[in-house]
Ligand code: NDP
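In this note's numbering, the protein residues as written are 41 to 323.
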């Protein structure tokens with residue numbers, strides 16, 4: 041058996057076309073969605089992520105405002121910039137690229153962003169809205185994973201989903217989104233004993249550990265849907281995920297590749313959140 045590929049690039053293209061059409065409508069009515077992206081320091085990976093986000097905005101007609109600062113920027117200076125962007129009506133979303141230099145408290149920065157412009161969905165209030173099942177801006181990566189799972193047509197309700205990883209940005213919100221979709225959810229982490237015993241029972245597995253080969257073929261139930269969030273470098277220097285792709289695809293029913301799976305969807309959901317924030321600002 042060989043798993044069907046869940047193509048994040050193809051799904052992104054489809055969703056971005058829908059987003060571009062709605063952005064076009066808003067622009068015609070005199071309101072172009074605007075996303076401010078703040079990059080502090082010179083981390084090369086962050087620079088690539090930011091560039092991809094800005095480019096995706098351009099393609100969909102969202103106005104992007106890239107602000108780049110040296111690593112010496114103080115916390116107070118960054119908070120002052122965020123306050124100014126919060127007050128700017130032409131900016132509907134604010135994204136501060138993580139990680140920040142060590143002298144800046146990321147929690148303070150996230151909480152300084154207006155809840156209406158929190159397009160990363162990382163703030164305590166956004167997390168609370170997700171937890172309570174209230175409308176709000178959802179974290180982009182887990183939301184993108186939900187879209188990828190939905191695209192398979194495999195029902196989520198009533199299925200057993202295992203999430204490996206419990207970070208505030210991926211694992212925890214992923215578990216909540218799956219719970220909201222009526223899956224029975226198990227969350228595993230580095231302290232889980234016998235990870236394979238859990239994953240072997242799963243109809244759906246989302247892996248977000250940042251460790252290569254966290255999930256191997258012998259840990260997967262035949263036919264399961266496998267979503268690989270991880271971004272790692274293999275020994276050959278090539279990009280790879282947390283899943284042993286070649287092995288697991290022999291057992292799973294559906295699988296996302298790395299690259300070309302979750303990555304493009306994370307950016308697509310950022311665009312969707314910016315659009316949603318703009319539409320809300322209008323109403
Ligand atoms: P974190 O490091 O914040 O969290 C990793 C989680 O994995 C932790 O909960 C940790 O457990 C758990 N974990 C680590 N090792 C194991 C193990 N051997 N078995 C079970 N659980 C384990 O990472 P993130 O959640 O931020 O990101 C995860 C991965 O996803 C990274 O590779 C990151 O680069 C990638 N990523 C990709 C995105 C994309 O767009 N494609 C977006 C965001 C992230 P514990 O809590 O006990 O330490």
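By construction, the Cβ of each residue, glycine as well, lies at the ideal position given by its N, Cα and C atoms.
For clarity, every value in this text was computed on a predicted model and none was experimentally measured.
Problem set entry | Buried or exposed (CB count within 10 angstroms, at least 16 for buried), residue 313 | Residue environment for residue 313: buried (at least 16 other C-beta atoms within 10 angstroms of its C-beta).
Exercise. Just checking my contact of residue 268 with residue 296 at CB under 8 Å: how many whole Å lie between their CB atoms?
Worked result: Between residue 268 and residue 296 a beta carbon distance of about 5 Å is seen, short of the 8 Å cut, so the two are scored as contacting.
Exercise. How many Å lie between residue 162 and residue 103 at the Cα?
Worked result: Straight-line spacing of the CA atoms in residue 162 and residue 103 works out to 22 Å.
Exercise. What is the rounded straight-line gap between the Cα of residue 131 and the Cα of residue 84?
Worked result: Near 26 Å, if we compare the C-alpha coordinates of residue 84 and residue 131.
Exercise. Given residue 303, which residues of its chain have a CB within under 8 Å of its CB, disregarding the five upstream and five downstream residues?
Worked result: So the qualifying residues of the chain are 48 and 271.
For this session: Let me know the secondary structure DSSP gives residue 312 once reduced to three states.
Result: DSSP places residue 312 in helix when its eight states are reduced to three.
Exercise. Would the beta-carbon of residue 229 be found less than 6 Å away from any heavy atom of the ligand NDP?
Worked result: Distance from the C-beta of residue 229 to the nearest heavy atom of the ligand NDP is below 6 Å.
Exercise. With residue 107 and residue 152 assumed to form a contact (beta carbons below 8 Å), what rounded beta-carbon distance in angstroms separates them?
Worked result: With 8 Å as the limit, residue 107 and residue 152 do not qualify as a contact, their Cβ atoms being about 14 Å apart.
Exercise. Do you know whose CA, among 170, 172, 143 and 119, lies nearest residue 154's CA?
Worked result: Nearest to residue 154 by alpha-carbon distance, out of 170, 172, 143 and 119, is 119.
Exercise. In chain order, which beta strand (DSSP E) runs of at least 3 residues are fully inside the region 142-213?
Worked result: Secondary structure in the region 142-213: the beta strand (DSSP E) runs of 3 residues or longer, each lying completely within the stretch, are 200-204 in chain order.
Exercise. Measuring CB to CB, does residue 159 end up less than 7 Å from residue 133?
Worked result: A contact, by the Cβ cut-off of 7 Å.
For this session: Assuming residue 203 contacts residue 180 (C-beta within less than 8 Å), just tell me the rounded distance between them.
Result: Going by Cβ atoms, the distance from residue 203 to residue 180 rounds to 16 Å, so no, they are not a contact pair.
Exercise. Any heavy atom of the ligand NDP within a distance shorter than 6 Å of the CB on residue 207?
Worked result: For the ligand NDP, at least one heavy atom lies less than 6 Å from the Cβ of residue 207.
For this session: Helix, strand or coil for residue 115, going by three-state DSSP, please let me know.
Result: In this structure, residue 115 counts as helix in the three-state DSSP scheme.
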